[in-house]
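Asker:
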Amino acid sequence: MKTQKKHVNDFGNDSVPGLVLRVSVPFMFAQFVNVMYSIVDRIYIGNIPAAGADSLAGAGVCAPIITLLSSFATLIGIGGSILFSMRLGQNDKKDAEKILGNCFSTLILFSAALTLIFLLSKGMLLHWFGASDVTYPYANTYLTIYTCGTFFALLSMGMNYFITAQGYPLLGMVTTLIGAILNIILDPLFIFVFHMDIAGAAVATVLAQLASCIFVLCVLYRKSMPVPLHLRRPDPVLVKRILALGFSPFLILATDSIIIIAMNAVLQYHGGPGYGDTLITCATIVQSYMMLITSPMLGITGGSQPLISFNYGANKPERIRKIVFCVLMLCIGFTSFMFLVSRFLPAAFAGIFTNNAEYIELSVWGIRAFTMMIIPLSLQYTFVDSLTALGMTGLSLFLSLFRKTTYFVATCLLPFAFTAASAFYAEPIADGIAALTSTTAFAIVYMKYLKGTGSLMEIGTGRGQAA
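The sequence shown runs 139 to 605 under our numbering.
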C-alpha cells in the first residue's frame, strides 16, 4: 500500500494547490495534445499541392460533425466519471466498478449506432453545414473514413476520464500523447508519400485513435488499478443517471457544432460563391487557433472535476473552495499568456497552414478578433465546470447555452448589419457577456451553499441526481 501511495494522488487529503497542478496540468497537456489531431491534419491538408485551400475548407466543413461525434464520448465519460468520483469519495468501490462497466458497455453501443447513423446521413449533413460543389468531394472523403473509426475515438476519449478519476493523470496524458505522435508521423506518410491527399489525413487519424484506444483499455483492465474495468450489461437506471450528469457537458460540446455550422453557412451565404470559400478557409485556421486556447483550458477545468466531485462525495466544502480558486488562477494565467501570443504571433501560426498572403492577412485579423475576450472566458469555463462537478447540471447547462445562444445570434445578425467577416466578432461578444453572467451565478451559489459550514449535500439537484 505504501508503494501505491507514491503514485496515486489522494484527492481527499493532499495539499490542494499541488494536487490541482498534478491533476489539471497533465489533463491540460493531454487536451492540448488531443487538439493536435485536427490541427496537424489541417496543417498537412492545407499544404497539399494544388488542392490545399479547397481541401482545408472541406476539412473545416467536417469539423462540426467530428465535434458532434466526440461530444458523445463526453456525455458518457464526464457523466460517468463524476458519479464514479463521488462513489470513490464515499469509499464505495463496488458501486464505482459498476459505473465503470456500464459506461464501457454504453460507449460500445453508442459507437455502433453513431457510425451507422452518420454514414447514412453524411451527404445531407455536409451540404447543410456549408460544403460547396468545390469542397464537397474533399469533405465527403475525409468524413467517410473518420466516421468508420468512431468506435476507437469514442472509447479512447470516453474511457480516458476514468484513468484520471482514479488518480493517474499522467497515464491519461500518455493516452492522447500516443495518438498525437502517431498521427504526426503517419500524416505526411499517407498524404505525401502514398499520395492519398485528404484521405491519407483521415486514415492517419483513425489509426492514431486505434492506438490510443488499445492503450486506454489495457490500463483500465489492469488488476493493479484501484477499480479495474469489467464489461457489464447496461443498467437502464444507472445509465440514466450517467446521462443526466453528462448531458450538460455533452450539450456544451454539441452546440459548438451548431456554432461552427452557423459560421460556415453565414460566411458562405454573405461571402458569395468565391469569397465564401476563402472566408471558410480562414475561419478554419482561426478556429484551429482557438482550439489551442479552449481545449487546454477545458483540460484544466475538466481535470479538476474529479477533485471537486470526490470532495463533494466526502463532504469537504473547504477543499472545494480552494480547488475552484486554484483552477481559476491557473486558467487566468494561461489565457493571459495566450492573449499576448495572439497579439504578436498570429501570422506565424497562419503561415503554417498556407503561404497565400490573402489567407494569412485575413486569418491574422480573425485570430485577433476572436481572442479579444479570452481572459474573461476563464471565469465561464471555471465556474460552469465546477457547477457540473457538483452535480448542478441544470444551472451549468443554462449558463453554457446562454453563451452559445448569444454567439449564435451575433453570428447570424452581424453580417446583415455590416460585412460577412463581421461574424468573427460574435466570439468576443459572447465571451464577455457570458463571463459576467457565469460569475454572477456562481457568486450566488457560493454565498448560498459553499460559504460557511453548510453541508454540500444540499447543493442544487446534485445529490438527487448522483445518489
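C-beta atoms are modelled at their ideal positions from N, C-alpha and C, and glycine is treated no differently.
Does the beta-carbon distance from M297 to G215 come in below 9 Å?
Answerer: Stepping through the sequence shown from its first residue, residue 297 is reached at position 159. Stepping through the sequence shown from its first residue, residue 215 is reached at position 77. Yes. Within cutoff.
Asker: By the 10 Å Cβ neighbour count, where 16 or more other Cβ atoms means buried, how is F580 classified, buried or exposed?
Answerer: Position 442 of the sequence shown, counted from the start, is the residue given in the question as residue 580. By the neighbour-count rule (16 or more Cβ atoms within 10 Å), F580 is buried.
Asker: Take M476 and list the residues in its own chain whose beta-carbon comes closer than 8 Å to its own, dropping the five residues that flank it on each side.
Answerer: As a first step, residue 476 must be located in the sequence shown, where it is residue number 338. Correct list, in chain order: L430, I431, T509, I512.
Asker: Do you know offhand how far A191's Cα is from L445's?
Answerer: Counted from its first residue, the sequence shown places residue 191 at position 53. Counted from its first residue, the sequence shown places residue 445 at position 307. Pairing A191 with L445, the inter-Cα distance amounts to about 44 Å.
Asker: Which runs of the alpha helix (DSSP H) fall wholly inside the segment 500 to 533 and span at least 4 residues, in chain order?
Answerer: 512 to 527
Asker: Tell me the rounded alpha-carbon separation between A403 and I390.
Answerer: On the sequence shown, position 265 is the one that residue 403 refers to. On the sequence shown, position 252 is the one that residue 390 refers to. Across the structure, A403 and I390 are spaced so that their CA atoms are roughly 20 Å apart.
Asker: Could you please give the first and the last residue of the uninterrupted alpha helix (DSSP H) stretch that includes N229?
Answerer: Indexing the sequence shown from 1 puts residue 229 at position 91. From DSSP, N229 is part of no alpha helix (DSSP H); its letter is neither H nor E.
Asker: So for Q304, helix, strand or coil by DSSP?
Answerer: Position 166 of the sequence shown, counted from the first residue, corresponds to residue 304. If DSSP states are grouped into helix, strand and coil, Q304 belongs with coil.
Asker: Can you name the start and end residues of the alpha helix (DSSP H) that K460 belongs to?
Answerer: Locating residue 460 in the sequence shown gives position 322, where the first residue counts as 1. Residues 455 to 482.
Asker: Would you mind reading off the limits of the alpha helix (DSSP H) that contains A581?
Answerer: Your numbering for residue 581 matches position 443 in the sequence shown. Run containing A581: 564 to 583, per the alpha helix (DSSP H) assignment.
Asker: When the Cα of G150 is compared with those of Y450, V522, P484, which residue comes out closest?
Answerer: Numbered from its first residue, the sequence shown carries residue 150 at position 12. Considering only alpha carbons, the answer is Y450.
Asker: When burial is assigned at 16 or more other CB atoms within 10 Å of the CB, is T244 buried or exposed?
Answerer: For this step, residue 244 is matched to residue 106 along the sequence shown. Result: buried.
Asker: Check whether the Cβ atoms of M435 and T473 sit closer than 9 Å, and answer yes or no.
Answerer: Walking along the sequence shown from the start, residue 435 turns up at place 297. Walking along the sequence shown from the start, residue 473 turns up at place 335. Yes. Within cutoff.
Asker: Roughly how many angstroms separate the alpha carbons of S480 and A195, rounded to a whole number?
Answerer: Here residue 480 corresponds to residue number 342 of the sequence shown, with the count starting at 1. Here residue 195 corresponds to residue number 57 of the sequence shown, with the count starting at 1. Approximately 22 Å between the Cα atoms of the pair.
Asker: With distances taken Cα to Cα, identify the nearest neighbour of L213 among G184, L381, D335, S223.
Answerer: Numbered from its first residue, the sequence shown carries residue 213 at position 75. Residue L381 is the option with its Cα nearest to L213.
Asker: Note down the Cα distance separating Y280 from G504, rounded to an integer number of angstroms.
Answerer: On the sequence shown, residue 280 is found 142 positions in, with the first residue counted as 1. On the sequence shown, residue 504 is found 366 positions in, with the first residue counted as 1. So the alpha carbons of these two residues sit roughly 25 Å apart.
Asker: Which residues mark the beginning and the end of the alpha helix (DSSP H) in which S350 is found?
Answerer: Counting from one through the sequence shown, the residue named residue 350 turns up at place 212. 336 to 358 is the extent of the alpha helix (DSSP H) around S350.
Asker: From the DSSP output, in three-state form, read off T212 for me.
Answerer: Here residue 212 is taken as the residue at index 74 of the sequence shown, counted from 1. T212: helix per DSSP, three-state reduction.
Asker: Suppose the cutoff is 8 Å on Cβ atoms and the five residues either side in sequence are ignored; what does the same chain contact list for H265 look like?
Answerer: Taking the first residue of the sequence shown as position 1, residue 265 is located at position 127. Annotation for H265: Y274 place their beta carbon closer than 8 Å to its own, counting only its chain and skipping 5 residues before and after.
Asker: Does DSSP put K361 in a helix, in a strand, or in coil?
Answerer: The count along the sequence shown starts at 1 and reaches residue 361 at position 223. DSSP places K361 in coil when its eight states are reduced to three.
Asker: How about G608 and L238: do their beta carbons lie closer than 9 Å?
Answerer: As displayed, the chain neither begins before 139 nor continues past 605, which places residue 608 out of reach and without an answer.
Asker: Rounded to whole angstroms, what's the CA-CA distance from L376 to K231? Just pull it up for me.
Answerer: Numbered from 1 along the sequence shown, position 238 holds the residue referred to as residue 376. Numbered from 1 along the sequence shown, position 93 holds the residue referred to as residue 231. Cα-Cα distance, rounded: 15 Å.
Asker: Are there 16 or more other CB atoms within 10 angstroms of the CB of K378, so buried, or fewer, so exposed?
Answerer: Stepping through the sequence shown from its first residue, residue 378 is reached at position 240. Flag for K378 reads exposed.
Asker: Please work out which residues of its chain come closer than 6 Å, Cβ to Cβ, to A211, disregarding the five sequence neighbours upstream and downstream, and give them in chain order.
Answerer: Residue numbering aside, residue 211 sits at position 73 when the sequence shown is read from its first letter. So the qualifying residues of the chain are L292, M295, G296.
Asker: How long is the line joining the alpha carbons of Y306 and M363, rounded to whole angstroms?
Answerer: Residue mapping note: residue 306 aligns to position 168 of the sequence shown, counting from 1. Residue mapping note: residue 363 aligns to position 225 of the sequence shown, counting from 1. Straight-line Cα distance between these residues: approximately 9 Å.
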